[in-house]
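Q: The structure's right below; bear with me while I get my questions together.
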Amino acid sequence: MREPVFRGAATALVTPFTPTGEVDIEKLGELLEFQITEGIDAVVILGTTGEASTILTEDHVSTIKAAVDFVQGRIPVIAGAGSNSTVEAIHLTRACEEVGADAILSVTPYYNKTSQRGLVTHFTAIAEVTSLPIILYNVPSRTNLNIDPDTTGELSRIENIVAVKECHTEQMGAVQAATEPDFHLYTGEDAQIIPLLGWGGIGAISVMSNVIPADVHTLVTSWLAGDHDTARQIQLKTLPLVKALFSEVNPIPVKEALNILGFNVGEPKLPLVPASDNTRELLTAALKQYGVPSRP
Numbered sequence: 251m252r253e254p255v256f257r258g259a260a261t262a263l264v265t266p267f268t269p270t271g272e273v274d275i276e277k278l279g280e281l282l283e284f285q286i287t288e289g290i291d292a293v294v295i296l297g298t299t300g301e302a303s304t305i306l307t308e309d310h311v312s313t314i315k316a317a318v319d320f321v322q323g324r325i326p327v328i329a330g331a332g333s334n335s336t337v338e339a340i341h342l343t344r345a346c347e348e349v350g351a352d353a354i355l356s357v358t359p360y361y362n363k364t365s366q367r368g369l370v371t372h373f374t375a376i377a378e379v380t381s382l383p384i385i386l387y388n389v390p391s392r393t394n395l396n397i398d399p400d401t402t403g404e405l406s407r408i409e410n411i412v413a414v415k416e417c418h419t420e421q422m423g424a425v426q427a428a429t430e431p432d433f434h435l436y437t438g439e440d441a442q443i444i445p446l447l448g449w450g451g452i453g454a455i456s457v458m459s460n461v462i463p464a465d466v467h468t469l470v471t472s473w474l475a476g477d478h479d480t481a482r483q484i485q486l487k488t489l490p491l492v493k494a495l496f497s498e499v500n501p502i503p504v505k506e507a508l509n510i511l512g513f514n515v516g517e518p519k520l521p522l523v524p525a526s527d528n529t530r531e532l533l534t535a536a537l538k539q540y541g542v543p544s545r546p
């Protein structure tokens with residue numbers, strides 16, 4: 251029986267940058283400590299929200315190492331290590347294992363794409379080079395390529411491919427039906443956490459938990475414990491905030507939200523640009539309405 255990487259809520263953490271564009275390692279530690287103190291169950295470093303696609307390979311690995319060294323085993327550190335190149339994904343996966351990551355998040359190949367048969371070959375090749383648990387990351391809105399439920403089912407029979415972060419909400423039930431009993435489902439859609447949990451999912455990999463980690467943890471763990479009323483109330487409360495956090499392409503708004511709150515995580519890397527004035531106003535209002543406290 252395969253154990254899950256985590257149950258509950260994991261934060262898809264932003265990557266803080268200095269004014270000159272380097273990863274701000276000291277600030278990364280501050281963000282991680284905030285997440286741990288607030289009760290988050292795991293963190294994803296250098297996923298989509300962490301701007302992995304604009305980080306140099308050497309910085310990618312050193313950032314994962316810095317996170318592992320800071321966390322010191324208190325929660326799982328899940329390393330984004332996917333690529334549209336199988337060779338690069340294998341290289342990153344090996345490197346992230348070497349620096350102590352607890353698991354790998356591996357995204358569907360983007361841009362050049364592939365067939366469903368190619369997806370099986372791609373992810374199988376990655377799984378063969380690591381002993382770490384692998385979470386597939388299916389986000390067709392980003393990659394223009396879906397992992398079909400039957401393909402996820404085939405991949406779920408590989409021992410160290412243990413879960414999927416599923417962002418194609420319409421197929422969550424089909425994925426659950428197609429996969430092995432000890433394969434785990436996580437949602438990557440903040441507005442759709444409860445529906446995924448209703449299909450048998452065990453957690454969320456969340457953007458909004460960058461700013462409200464304690465509430466996202468409580469939302470998921472309440473549902474899993476059978477307290478559906480508490481979970482439903484939190485999910486409903488989050489909806490205006492989620493709308494603001496996705497008013498521009500992620501992670502532009504969430505980085506701006508953290509800056510508004512006083513975390514000073516810097517600007518996103520090009521080709522992403524800072525949030526517009528309209529987005530900033532929308533975020534300020536949504537954070538105030540929700541009651542998110544600014545950093546002291």
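Numbered continuously in our numbering, the sequence shown closes out at residue 546.
Backbone N, C-alpha and C fix where the C-beta goes; we use that ideal spot for every residue, glycine too.
Does the Cβ of E202 have 16 or more other Cβ atoms within 10 Å, making it buried, or fewer, making it exposed?
A: This structure gives no information on residue 202, because the portion of the chain shown stretches from 251 to 546.
Q: Would you call the segment 260-274 in contact with the segment 334-350, where contact means no fewer than 3 C-beta pairs closer than 8 angstroms?
A: no
Q: Start and end of the beta strand (DSSP E) containing S456?
A: As a first step, residue 456 is located in the sequence shown; it is residue number 206 there, counting from the start. Residues G453 to S456.
Q: Tell me whether L446 sits in a helix, a strand or coil according to DSSP, three-state version.
A: Along the sequence shown, read from residue 1 onward, the residue named residue 446 stands at position 196. Three-state result, L446: helix.
Q: Measuring from the CB of F373, is there a heavy atom of the ligand SAM at a distance below 6 angstroms?
A: Looking at this structure, you won't find the ligand SAM or any other ligand, since it has none at all.
Q: If we ignore side chains and look at the alpha-carbon of each, how far apart do V414 and G450 end up?
A: Locating residue 414 in the sequence shown gives position 164, counting from the first residue. Locating residue 450 in the sequence shown gives position 200, counting from the first residue. Rounded to whole angstroms, V414 to G450 spans 13 angstroms at the Cα level.
Q: Between the C-alpha atoms of T393 and T298, what's the straight-line distance to the nearest angstrom?
A: For the purposes of this step, residue 393 is taken as the residue at position 143 of the sequence shown. For the purposes of this step, residue 298 is taken as the residue at position 48 of the sequence shown. Distance from the CA of T393 to the CA of T298, rounded to the nearest whole angstrom, comes to 11 angstroms.
Q: With V311 and L355 assumed to form a contact (beta carbons below 8 angstroms), what rounded beta-carbon distance in angstroms separates them?
A: Walking along the sequence shown from the start, residue 311 turns up at place 61. Walking along the sequence shown from the start, residue 355 turns up at place 105. Going by Cβ atoms, the distance from V311 to L355 rounds to 15 angstroms, so no, they are not a contact pair.
Q: Is the CB-CB distance between T261 and S526 below 7 angstroms?
A: Translated into positions along the sequence shown, residue 261 becomes position 11. Translated into positions along the sequence shown, residue 526 becomes position 276. No, these two residues do not count as a Cβ contact at 7 angstroms.
Q: Going by the beta-carbon positions, is the gap between L369 and T419 smaller than 7 angstroms?
A: By one-based count along the sequence shown, residue 369 stands at place 119. By one-based count along the sequence shown, residue 419 stands at place 169. The Cβ atoms of L369 and T419 lie no closer than 7 angstroms to each other.
Q: Name the DSSP beta bridge partners of F267, please?
A: Residue mapping note: residue 267 aligns to position 17 of the sequence shown, counting from 1. DSSP output for F267 lists V273 as bridge partner(s).
Q: If you draw a straight line from the C-alpha of V523 to the C-alpha of P503, how long is it?
A: Along the sequence shown, read from residue 1 onward, the residue named residue 523 stands at position 273. Along the sequence shown, read from residue 1 onward, the residue named residue 503 stands at position 253. So the two alpha carbons sit approximately 10 angstroms from each other.
Q: Taking the C-alpha atoms as reference points, what is the distance between T471 and A507?
A: Numbered from its first residue, the sequence shown carries residue 471 at position 221. Numbered from its first residue, the sequence shown carries residue 507 at position 257. Distance between the alpha carbons of T471 and A507 is about 25 angstroms.
Q: Looking at the structure shown, is H434 part of a helix, part of a strand, or coil, going by DSSP?
A: The residue labelled residue 434 in the question sits at position 184 within the sequence shown. Strand at H434.
Q: Quick one: what does DSSP say T429 is sitting in, helix, strand or coil?
A: Counting from 1 along the sequence shown, the entry for residue 429 is found at position 179. Correct three-state label for T429: coil.
Q: Quick check on DSSP: helix, strand or coil for V412?
A: As a first step, residue 412 is located in the sequence shown; it is residue number 162 there, counting from the start. DSSP places V412 in strand when its eight states are reduced to three.
Q: DSSP state of L382, grouped into three classes?
A: Here the question's residue 382 lines up with position 132 in the sequence shown. L382 falls in the coil class under three-state DSSP.
Q: Using a Cβ-Cβ cutoff of less than 8 angstroms, which residues in the same chain neighbour R344 once the five nearest sequence positions on both sides are dropped?
A: The residue labelled residue 344 in the question sits at position 94 within the sequence shown. Contacts found: V379 and T380.
Q: Helix, strand or coil: which one does DSSP assign to T298?
A: Against the sequence shown, residue 298 aligns to sequence position 48. Coil at T298, not helix or strand.
Q: Just grab the DSSP bridge partners of G403 for me.
A: Locating residue 403 in the sequence shown gives position 153, where the first residue counts as 1. Beta-bridge pairing links G403 to no other residue.
Q: Name the two residues that bound the continuous alpha helix (DSSP H) containing T371.
A: Counting from one through the sequence shown, the residue named residue 371 turns up at place 121. Its alpha helix (DSSP H) spans residues Q366 to A377.
Q: Let me make sure I understand the geometry here. Which of V327, I325, V357 and R324 has the alpha-carbon closest to that of I340?
A: The residue given as residue 340 occupies position 90 in the sequence shown. From the listed residues V327, I325, V357 and R324, the smallest Cα separation to I340 is found for V357.
Q: Considering only residues of the same chain and omitting the five flanking positions on each side of V349, which have a CB-CB separation below 7 angstroms?
A: One-based indexing of the sequence shown puts residue 349 at position 99. Excluding positions up to five away in sequence, the list reads V311, I314, K315 and V318.
Q: In the DSSP assignment, find the beta strand (DSSP E) that holds S472 and state where it starts and stops.
A: Within the sequence shown, the letter at position 222 stands for residue 472. Taken as a continuous stretch (DSSP letters only), S472 belongs to no beta strand (DSSP E), being part of the alpha helix (DSSP H) at P463 to L474.
Q: Contact defined as beta carbons within less than 8 angstroms: I believe P383 pairs with N410. What is the distance between those atoms, to the nearest angstrom?
A: As a first step, residue 383 must be located in the sequence shown, where it is residue number 133. As a first step, residue 410 must be located in the sequence shown, where it is residue number 160. The pair is a contact, with the Cβ atoms about 6 angstroms apart (cut-off 8 angstroms).
Q: Between which two residues does the beta strand (DSSP E) harbouring V327 extend?
A: Working through the sequence shown from its first residue, we reach residue 327 at position 77. V327 to G330 is the span of the beta strand (DSSP E), which, as asked, contains V327.
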